[in-house]
Structures are given as structure tokens and as C-alpha cells.
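Asker: A single structure is presented below for examination.
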Amino acid sequence: MAQPTIRPDAFDSAGRLRALPSLTSARWYAALLVFVIHALVFMPVYPFQKSELFETIHGVLPMQVGSAAVTFFFLLSGFIIFWSNHQMREPVYYVLRRLLKLYPTHLITAIMFVAVVWQFPWERTAAWLPNFLLIHTWVPGWSQLGGLNVPSWSLAAELLFYVSFPFFLPLVRRIPTHRLMAWIGALFAAIVVLHLAYYLFTPGYKGIDNTFVPLLFDMDASPPYDVHAAPAWFLLPEHGVDIGYYLSYTFPLSRLPEFILGVLGARAVIEGVWRNTKTWWPMLALVASVALTWVLPVNFKMSVPMLLPVLAVVCTLAVRDMEGRSGPFMTSKVTIWGGNTSFALYLVQFPVMAALQKWVIADGEYGFAGWLGFAVLALVISHVIADLIFRFVDDPAMKAFGRYHRARSGKKRLSAPRPRV
């Protein structure tokens with residue numbers, strides 16, 4: 001098998017693949033988009049959330065707009081994981097490093113959420129153990145009951161992506177460079193067929209209307225909890241699950257092809273297959289694909305139409321970084337900081353919203369201005385906590401593990417027997 005030709009400008013002066021600051025910054029913008037959608041849905045500020053104005057705003061910003069950001073995260077994960085580990089000399093070290101990235105922040109924010117709920121049924125292990133282990137989206141009932149910190153559902157998919165990567169990487173490497181785009185097209189077609197099968201052969205809602213609306217309480221003042229944070233939620237004997245939606249959106253295996261698309265995109269950039277540096281048409285295609293979701297069934301609404309436009313955006317931003325074309329909007333210290341803290345921001349936002357709901361918003365009556373003020377307050381608090389988690393947990397843990405690994409590898413090299421001359 002011939003070795004692929006790598007673009008010379010893919011490397012920095014130290015001979016490593018270049019850093020991609022635009023993709024780091026883009027994570028922050030995606031996390032902010034998710035925050036806006038979650039603040040709209042998961043902060044029941046009454047009577048605003050029961051008003052016509054809310055219906056109008058939520059009609060413009062339905063849940064699938066936030067799901068476009070999740071699609072971006074999944075594709076970006078594949079892109080960055082291949083970019084950083086394309087040689088994969090030490091699979092065990094790679095897997096341990098990815099687990100260290102996921103679990104500490106996840107467990108901190110899960111415990112934060114449980115502390116807010118407080119009256120929590122620990123004796124009911126299905127309500128928390130699958131979530132703590134990040135396996136809760138593998139079983140439909142667990143995905144609802146054991147949701148805990150709602151955004152953590154996507155981490156169960158990320159865990160699958162990370163662990164499976166060393167196994168399918170050799171297959172990805174075998175694809176000839178000139179066939180990469182054909183493989184991307186074929187994989188996208190397979191995703192369409194998969195979701196079509198879910199639409200045709202699984203039970204669930206088949207219409208195109210936006211069904212992702214808040215579950216409202218029958219009260220005039222703001223409730224103390226969003227329904228997903230109410231203690232009673234975790235005591236219900238079972239939760240109704242739309243199997244078609246579950247398989248299309250939260251089931252980890254269904255999202256794995258999106259991660260692989262990102263991997264193929266990274267190869268296309270590194271090997272010079274993708275050279276586009278113009279951002280206007282990938283962004284225009286992305287906007288058009290999101291608009292298309294208004295007329296698609298639920299099984300397609302949450303990711304499928306956005307996949308190729310998102311991949312085009314990611315690849316284009318990477319090429320712009322390689323060629324030094326990225327502007328300050330994507331490379332400033334603020335946006336890089338936002339990108340570095342975006343993982344913690346994504347996970348901490350729901351516990352923060354739940355805390356504000358319980359101790360500040362509850363029993364009050366507020367309109368749009370009140371909701372907006374609480375949303376801004378939640379955003380500020382979430383950023384502060386996310387920065388603390390990144391600064392004192394995430395970043396130090398990753399650096400310490402890297403130092404430990406380098407020291408251990410160095411000792412192994414020193415203790416290795418020298419060949420006799």
C-alpha cells in the first residue's frame with residue numbers, strides 16, 4: 001500500500017501537525033449555540049415560556065438548531081482525533097488519555113446536578129449509575145430516566161468514538177487518497193439509508209412538526225424545577241421513549257458514522273484533497289441545511305442534512321489555519337479560551353440553570369426581559385465554573401498524565417538492553 005502524500009504546510013517548524021486555532025474557537029461558538037437553546041427550553045420562566053412570544057422565538061430557534069452544534073462536535077471529534085493521533089503508536093495511552101478527558105469533568109457536573117436536585121433516589125441505580133459510567137444512552141429507558149445532567153447524553157457517544165478509533169483506523173488508512181471523497185459520499189449515503197430505515201421500520205412520530213417543546217407545569221408562577229431536574233422525574237416507573245427518535249439521535253452506534261466522516265475529512269485536508277479556503281459557501285450551505293430541517297421528519301431533522309455542510313466548514317477552517325488565512329474572529333485569545341473551556345461549559349450549563357431555577361427563579365413571574373436576564377446570569381456563572389474546571393482539573397490532569405507517560409517511556413528506553421556489538 002502506497003504511503004499518502006501529506007501537504008508540507010500541514011507541519012509546523014517542529015515537524016508536528018499544525019495547531020488549528022479556528023477549530024478550537026469554533027467549539028466555543030457551537031457551545032454558545034447549545035446554551036441558548038437549552039436556556040430557552042430548560043429554564044421554565046413563567047409566564048414567558050407560556051407566551052406567544054416564546055412560541056415565536058422557539059419557532060425560529062427550535063431544538064434542531066442546537067442539534068446542529070452537536071453534529072459539529074461529533075464531526076470535529078473525528079477530525080481532531082485523527083489529526084492528533086493519525087500515527088497511533090500507543091493505543092493504550094491514547095484511550096487512557098481520552099478517558100481522562102471525559103470522566104473528571106463529567107463526574108463533577110453530574111455531582112453538581114445531583115446536589116441541586118438533592119432529593120435523589122440513590123437506591124434506584126438505573127437513575128444514576130449508567131449515567132455516571134456514560135453508558136446510559138445504550139438502553140432507551142436509561143437514556144430518559146438516567147439522563148441526570150441532560151447534555152451528558154452526547155458523551156456516551158463520544159466514549160464509543162474514542163474507544164473504537166484504534167480499531168477502525170487501519171481500515172481508514174487503507175483508503176487511497178484519490179478515493180477519499182468517494183468514501184465520504186458513500187458513508188453519507190449509508191447514513192441516509194440508515195435513517196430512512198429508522199423512519200420506515202421503527203415506531204414513533206413520523207411528522208415534520210417540531211415536537212421538541214418544553215413540558216409545562218400547570219401553574220402561574222415559575223416552578224422550582226425543569227421537568228428533567230424534578231425529583232419526581234427519577235421516581236417515575238418508566239418514561240415513554242420514541243424509539244425512532246432515540247435510534248436516530250441518541251443511540252451511540254447511529255452517531256458513529258458522523259465521527260468517521262470527521263476522520264475522513266481530516267485525511268482529506270492533510271493529504272491535500274480538500275483545499276478550499278472560502279468560508280462563504282460552506283456557511284451558506286450550513287444555513288440552508290438547517291432551514292431544510294423545518295420540512296424533514298424527526299428522524300432526519302437532528303443531524304442528517306447538516307452533515308456535509310458541517311464537514312465542509314470544519315475542513316475549510318483547518319485549511320485556512322494551515323495557510324495562515326484565519327482572522328482574529330477565530331484566533332483571538334478570548335475565542336481560544338472559550339474553545340478550551342467549551343467542554344466544561346457544555347456540561348456545567350444545565351446544573352447552573354437548575355440551581356438558578358430552584359433558588360432564584362422559582363415562585364416568581366417574569367416576562368422575556370426576566371428570562372433574558374437569568375439566561376445571561378447563567379451564562380456568566382457557567383463560564384466562571386467552566387474556567388475553574390479547565391484551569392484546576394481538566395488541563396492539569398491532562399498535562400500531569402502526559403508528563404507521567406513521558407517519564408515512564410523514558411525509563412523504559414533507558415532500561416532496555418543494549419544490542420551487543
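Numbered according to UniProt numbering, the sequence shown spans residues 1 to 421.
All residues carry an ideal CB built from backbone N, CA and C; glycine is no exception.
Owing to the predicted nature of the structure, the values given are computational and were not obtained by experimental measurement.
Please report the distance separating the alpha-carbon of Met1 from that of Tyr162.
Answerer: By 1-based counting over the sequence shown, the position of residue 1 is 1. By 1-based counting over the sequence shown, the position of residue 162 is 162. Unreliable placement is indicated for Met1, whose pLDDT of 49 sits below 50; no coordinate value is reported for it.
Asker: How about Ala39 and Met302: are their beta carbons less than 9 Å apart?
Answerer: For this step, residue 39 is matched to residue 39 along the sequence shown. For this step, residue 302 is matched to residue 302 along the sequence shown. No, Cβ-Cβ distance for Ala39 and Met302 is not below 9 Å.
Asker: Taking the alpha-carbon positions, what's the Asn299 to Ile81 distance?
Answerer: The residue given as residue 299 occupies position 299 in the sequence shown. The residue given as residue 81 occupies position 81 in the sequence shown. Cα-Cα distance, rounded: 27 Å.
Asker: Less than 9 Å between the beta carbons of Leu155 and Leu347, yes or no?
Answerer: Residue 155 sits at position 155 when you count from the first residue of the sequence shown. Residue 347 sits at position 347 when you count from the first residue of the sequence shown. Cβ distance < 9 Å, so Leu155 and Leu347 count as in contact.
Asker: Could you give the first and the last residue of the continuous alpha helix (DSSP H) run that contains Asp387?
Answerer: In the sequence shown, the residue the question calls residue 387 occupies position 387. Counting along the chain, the alpha helix (DSSP H) containing Asp387 begins and ends at Phe368 to Ile389.
Asker: Is Pro47 helix, strand or coil by DSSP?
Answerer: In the sequence shown, counting from the first residue as 1, residue 47 sits at position 47. Of the three classes helix, strand and coil, the one that applies to Pro47 here is strand, per DSSP.
Asker: Look up Phe11 in the DSSP assignment and give the residues it is bridged to.
Answerer: For this step, residue 11 is matched to residue 11 along the sequence shown. DSSP, once it has assigned bridges, lists Leu17 as partnering Phe11.
Asker: So what's Met302 in DSSP terms, helix, strand or just coil?
Answerer: Within the sequence shown, residue 302 is the residue found at index 302, counting from 1. Three-state result, Met302: coil.
Asker: Decide if Gly185 is buried, meaning its Cβ has at least 16 other Cβ atoms within 10 Å, or exposed.
Answerer: One-based indexing of the sequence shown puts residue 185 at position 185. Gly185 should be labelled exposed.
Asker: Assign Pro396 to buried or exposed, taking buried as 16 or more other Cβ atoms, counted over all protein chains shown, within 10 Å of its Cβ.
Answerer: Translated into the one-based positions of the sequence shown, residue 396 becomes position 396. By the 10 Å Cβ count, Pro396 comes out exposed.
Asker: What span of residues does the alpha helix (DSSP H) with Asn85 cover, start to end?
Answerer: As a position in the sequence shown, residue 85 is number 85, starting the count at 1. Its alpha helix (DSSP H) spans residues Met63 to Asn85.
Asker: Just the Cα atoms here: how many angstroms apart are Pro223 and Leu169?
Answerer: Here residue 223 is taken as the residue at index 223 of the sequence shown, counted from 1. Here residue 169 is taken as the residue at index 169 of the sequence shown, counted from 1. For Pro223 and Leu169, the distance between alpha carbons rounds to 49 Å.
Asker: Kindly list the residues whose CB is nearer than 6 Å to the CB of Ala344, restricted to its own chain and excluding five residues on each side of it in sequence; keep chain order.
Answerer: Within the sequence shown, residue 344 is the residue found at index 344, counting from 1. When the five nearest sequence neighbours on each side are left out, the beta carbons in the same chain lying within less than 6 Å of the beta carbon of Ala344 are those of Thr105, Ala386, Ile389 and Phe390, in order along the chain.
Asker: Given this structure, state the Cα-to-Cα distance separating Ala355 from Ser77, to the nearest angstrom.
Answerer: As a first step, residue 355 is located in the sequence shown; it is residue number 355 there, counting from the start. As a first step, residue 77 is located in the sequence shown; it is residue number 77 there, counting from the start. Straight-line Cα distance between these residues: approximately 30 Å.
Asker: Using alpha carbons as the reference points, say which of Leu129, Trp122 and Leu256 lies closest to Leu187.
Answerer: Mapped onto the sequence shown, residue 187 falls at position 187. Selected option, being the one with the closest Cα: Leu256.
Asker: Considering only residues of the same chain and omitting the five flanking positions on each side of Leu308, which have a CB-CB separation below 7 Å?
Answerer: Indexing the sequence shown from 1 puts residue 308 at position 308. These residues qualify, in order along the chain: Phe188.
Asker: How about Val45 and Ile361: do their beta carbons lie closer than 9 Å?
Answerer: On the sequence shown, position 45 is the one that residue 45 refers to. On the sequence shown, position 361 is the one that residue 361 refers to. Yes, these two residues count as a Cβ contact at 9 Å.
Asker: For Val213 and Thr202, I'd like the C-alpha separation in whole angstroms.
Answerer: Looking up residue 213 in the sequence shown gives position 213. Looking up residue 202 in the sequence shown gives position 202. The straight-line gap from Cα to Cα measures roughly 22 Å.
Asker: Would you decide whether Thr293 is buried or exposed? Buried here means 16 or more other CB atoms lie within 10 Å of its CB.
Answerer: As a working note, residue 293 is residue 293 in the sequence shown. Answer is buried; the Cβ neighbour count reaches 16.
Asker: Check the C-beta distance from Ala126 over to Phe72 and give it rounded, since I have them as a contact under 8 Å.
Answerer: Taking the first residue of the sequence shown as 1, we reach residue 126 at position 126. Taking the first residue of the sequence shown as 1, we reach residue 72 at position 72. Beta-carbon to beta-carbon, Ala126 and Phe72 are separated by about 31 Å, too far to satisfy the 8 Å threshold.
Asker: What is the rounded straight-line gap between the Cα of Phe132 and the Cα of Ala69?
Answerer: Residue numbering aside, residue 132 sits at position 132 when the sequence shown is read from its first letter. Residue numbering aside, residue 69 sits at position 69 when the sequence shown is read from its first letter. The straight-line gap from Cα to Cα measures roughly 23 Å.
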